[in-house]
Structures are given as structure tokens and as C-alpha cells.
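There are 2 protein chains.
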Amino acid sequence: MTKSAGRPPLSETDIQEFRARVATHAMSIYREDGFDAVSMRRLSKAVGCAPTTLYAHFAGKTEILMLLWAEVLSDMEEHVRACLKGRTEPADRLREAALAFVTYWVDHPEHFRLVFMSNNVGRSEVDSFIESGNIENGFEIFRNLIRDLDPGCEDANVKSETLVAGMIGLAMCLNTISNYPWPTLSQMTRQLLSGTIS
Amino acid sequence: MTKSAGRPPLSETDIQEFRARVATHAMSIYREDGFDAVSMRRLSKAVGCAPTTLYAHFAGKTEILMLLWAEVLSDMEEHVRACLKGRTEPADRLREAALAFVTYWVDHPEHFRLVFMSNNVGRSEVDSFIESGNIENGFEIFRNLIRDLDPGCEDANVKSETLVAGMIGLAMCLNTISNYPWPTLSQMTRQLLSGTIS
DNA sequence: GTATTATTTGAAACGCGTATTTAAAAATAT
DNA sequence: ATATTTTTAAATACGCGTTTCAAATAATAC
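Those protein sequences? They're chains A and B, same order as listed. Residue numbering for the first sequence follows my numbering, starting at 961 and increasing by one per position. Residue numbering for the second sequence follows my numbering, starting at 961 and increasing by one per position.
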């Protein structure tokens, strides 16, 4: 328990400072030159450290990319909330929010790729992101909209999580199989909601 | 239009033979050592050609991976059809088929990754796969089940394609955010279907 | 100062997808 | 055989994610 000699470990704030700096540079590279441009070598150059140092602070590239998720997700959330302005009818609100959700990912395929198709996502990495609450936030919007529509709803959880997963599936299909003669986006969203809006 | 001198181009059968040979080796590598083991260098070694030769016959790795899609998809289809045996009640059939669909992808995350998360999927590559009809087949199962449930259904297209996309979303979420406290698989599938089975 | 410990660095390596370029080989018409 | 054309091969290169390891550096206790 006595203080040992030698250089002390980095303080928690130092560590978080570094991680934040990495996040900043990663985001600016991503914004300027896109997903593929965010590479460990280039990022390390931007941060001003050796590529190896990044691996001393992150488990891998995915853990760095996750730093960008929060930003994209909050941008998406803002986009969804914006479309609720002025709407009061619960069913209408839910419908428009869902449409806005899917539309966002279809309109921003690069963001979709970043968040949902970052390969090699280790379980533990995602877990830490779950615990940060960012995912819960996304679900909560729709859970609340569902509860507004049907107060005292017992299975709001099942409904909201199925809805979100379904919408992600819609966005995914429209993104990756983009030339298939899909029905309209609003048609599919409406159909997806037909089990929620009775 | 006269026959020009020089070596003639490969015959169509020769080309398809080669592509089939590549497909065979790719599949065996995939089966034995998994997704990550299927690399151009290793594959070319197995096929017995130079890595560059592969690029003379395929646009890229993704086009080769698509050769494996058909195999996985037909395996999945078989799995879905198997669960229909002995069931006659339309709603029951649709429910069980949907559950089997999602279950398949959750039970075979490697297959899911291969088919749905092969990154860098160029539009034209996917298009050719669409035209091959393999995707239509997947939709058709569910379109038929929906029509059996509600003959004369006008929007069977919208319903089936939304259902499939939604199920893919379920599978995707369960695969990638695997430690989130999701509702039961059957709960979510049932909820997803509640807009189709009235 | 010296010793000790933590961290960063640099270089090298591995295999990866992909592109280019040059040469070789194969198959045909003449 | 020769010329022509197509197809392969080989070598090389680029940047990638990641790992390993030795050397350097920084920050502390004594």
C-alpha cells in the first residue's frame, strides 16, 4: 500500500484526456474524408503519437470507432426529435418519428456503416457501450412514444425494441440491397408500425 | 465479324468452370477455418493460380464471397421449410417460419456475417445477385405464407418485404448487441408479426 | 545523483485487399 | 513458323490492422 518508486501510472483524467483527443481527431478525419480514411496510422499521425501508442489505450480500432457512435447517434436523435415538433397526436408522432429514424440512416449510409457495420465488434466492447446508456436512449424515445399512444401498455419494452430492431433492418436492407424494387420507405415503416399502432 | 487471329477468349463454360472451382475452394476454406480465413492469397493458393488471376475473373473479394451466399441461403431456406412440415394452420406456419428464420441467423452468426455484413458491397455486385433470383426466393416463401393467411391480400409485397427486413434487423441486433437484455426471440418475432397476423 | 517503474517510441514483421506493370505462355489464323 | 491475340504469371507496391520487442523517455522515491 505504500507508494512505490518509479513513474506513477497515468491519472484517470490524463487517460480520458488522451482518449478524448483521439476521439476528436478520429471524428475530424471521418468527417473530412469518410469512414475508410480513419486508419490507425493516419489517426496516430493526427494525434501526434506512434501507432503503437493507440493500442496501449484502446483494444483496437473498433473501440476507437465507438467513440464516434455517440456523436452520430445524438445527431440522429436530434433529427428524430426535430420531426416531433408541433405534432401532438400520439400515433402521428410515433409514425413520423419512425419514418425519420429510417430516413436518417438511408440518407446517411456512411453513418449507418460506421455504427452498424463496423466489423469485428467484440462483445465486451459493445457491452461497455451498452452500459454507457447510449443505446438505452435510442430505445427510450420510441418506448415513450409507444407509452404515449397506449398508456399502461404492458409490453412497451417488447414493442419498442422490436420496432427499433425492425427499423434498423429496414435501413440495412435499403442500404445494402439498394437496387431491389423495395416498396416505399413510408409504406414499409407504416407496415412495420401496424403491429404497434392498432 | 470474321474470326480474328490470336488466342480466342475463354469459352463461357470455361469461365464458369473456373468460377465454380473458386467457389468450391472458397467454401471449403470458409467451412474449415471460418470467414476470416477466406483471403485472396490463400484462396488463390488453394485454387492453384496467382492472386492476380482471381482479379481477372472477379471484381473483388466481395464478388467471390457472394458465391457462398447462395449456399448459405439455401441452407437457411431448407431450415425454414423443415419447420413447416406437419403444420397446416396458416398463422401457425407463418409464425414458425419467421421464428425459424431469425433463429437460423442467431444460431449461425458466422453465416450472418458472411451474407449481411460483407463490407464494401458494391451496388453492381449485389444487383447481379438480385437478378439471379436468389433474393426473390427468400421473399417468396414469406409472401406465399402471407397469401395463404390472407388470400387476396393486396399488399402482400409490402408485408413480406417489411417482414423479412424486420427479421434481418432482429437477427442483426441480437448478433451484434448480443449482451443487451433483449426480450425473448419468440416475443420479438411475435411482435414483429402482429402487424401481419391480425 | 541513482534506482525504479510507467509509458512511449520506433522498427520490424505478418497477412490482408488491391493495383500496376511486365513478361510469359497458350491458342488461334495465316 | 510467324504474327496476333488472350490469358496467365510474377514481381512489386501501397496502405491497412495488429503484434512483438528493444530502446528511449519521463516521472517518481530514495
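The beta carbon of each residue, even a glycine, is placed where N, CA and C say it ideally should be. Quantities reported herein were computed from a predicted structural model and do not represent experimental measurements.
inquiry  = Under DSSP, the alpha helix (DSSP H) around A/H1039 begins and ends at which residues?
reply    = As a first step, residue 1039 of chain A is located in the first sequence; it is residue number 79 there, counting from the start. Its alpha helix (DSSP H) spans residues K1021 to A1042.
query = Is B/M1077 helix, strand or coil when you go by DSSP?
reply = Here residue 1077 of chain B is taken as the residue at index 117 of the second sequence, counted from 1. In this structure, B/M1077 counts as coil in the three-state DSSP scheme.
request  = Would you list, in chain order, the members of the region 1083 to 1102 of chain B that have their beta-carbon closer than 8 Å to a beta-carbon of chain A?
outcome  = R1083, V1086, D1087, I1090 and I1095
task = Pick helix, strand or coil for B/P1111, following the three-state DSSP scheme.
result = Position 151 of the second sequence, counted from the start, is the residue given in the question as residue 1111 of chain B. B/P1111 falls in the coil class under three-state DSSP.
ask   = If you draw a straight line from the alpha carbon of B/A1125 to that of B/R991, how long is it in whole angstroms?
value = Within the second sequence, the letter at position 165 stands for residue 1125 of chain B. Within the second sequence, the letter at position 31 stands for residue 991 of chain B. Approximately 27 Å, taken between the alpha carbons.
query = Taking 7 Å as the CB-CB cut-off, is A/T1022 touching chain B?
reply = As a working note, residue 1022 of chain A is residue 62 in the first sequence. No, no contact with chain B.
inquiry  = Check whether the region 1052 to 1063 of chain A and the region 1111 to 1120 of chain A are in contact - that is, three or more C-beta pairs closer than 8 Å.
reply    = no
task = May I ask you to list, following chain order, the residues of the region 1112 to 1137 of chain A that have a beta carbon less than 9 Å from some beta carbon of chain B?
result = D1115, N1117, V1118, K1119, E1121, T1122, L1123, V1124, A1125, G1126, M1127, I1128, G1129, L1130, A1131, M1132, C1133, L1134, T1136 and I1137
key: Every unbroken beta strand (DSSP E) within the region 1129 to 1158 of chain A, with a cutoff of 3 residues, ordered by chain   = none
query = Based on Cα-Cα distance, which residue from B/M1036, B/N1094 and B/F1099 lies nearest to B/H1071?
reply = Taking the first residue of the second sequence as 1, we reach residue 1071 of chain B at position 111. Among B/M1036, B/N1094 and B/F1099, the Cα nearest to that of B/H1071 is on B/M1036.
ask   = What's the call for A/G1008, buried or exposed, on a 16-neighbour Cβ count within 10 Å?
value = Reading the first sequence from its first residue, position 48 is the one you call residue 1008 of chain A. Result: exposed.
inquiry  = Could you check whether the Cβ of B/M961 sits closer than 7 Å to any Cβ belonging to chain A?
reply    = The residue given as residue 961 of chain B occupies position 1 in the second sequence. Its pLDDT being 47, under 50, B/M961 is placed unreliably in this model, and the coordinates cannot settle the point.
request  = Pair every Cβ in the region 1145 to 1152 of chain A with every Cβ in the region 1059 to 1067 of chain A, then say whether three or more of these pairs are closer than 8 Å.
outcome  = yes
Cα-Cα separation, A/F995 to B/H1068 = On the first sequence, residue 995 of chain A is found 35 positions in, with the first residue counted as 1. On the second sequence, residue 1068 of chain B is found 108 positions in, with the first residue counted as 1. Cα-Cα distance, rounded: 28 Å.
ask   = Hey, A/T1156 and A/L1059: beta-carbon distance below 7 Å or not?
value = In the first sequence, residue 1156 of chain A corresponds to position 196, counting from 1. In the first sequence, residue 1059 of chain A corresponds to position 99, counting from 1. No, they are not a contact pair.
request  = Taking A/L1014 as the reference, give the member of A/H985, A/V1040 and A/F1102 with the closest Cα.
outcome  = In the first sequence, the residue the question calls residue 1014 of chain A occupies position 54. When each option's Cα is compared against that of A/L1014, the closest is A/H985.
query = If you drop the 5 nearest sequence neighbours on each side, which residues of the same chain put their C-beta closer than 8 Å to that of A/I1128?
reply = Residue mapping note: residue 1128 of chain A aligns to position 168 of the first sequence, counting from 1. Counting only Cβ-Cβ distances below 8 Å, and skipping sequence neighbours, we find W1065 and F1076.
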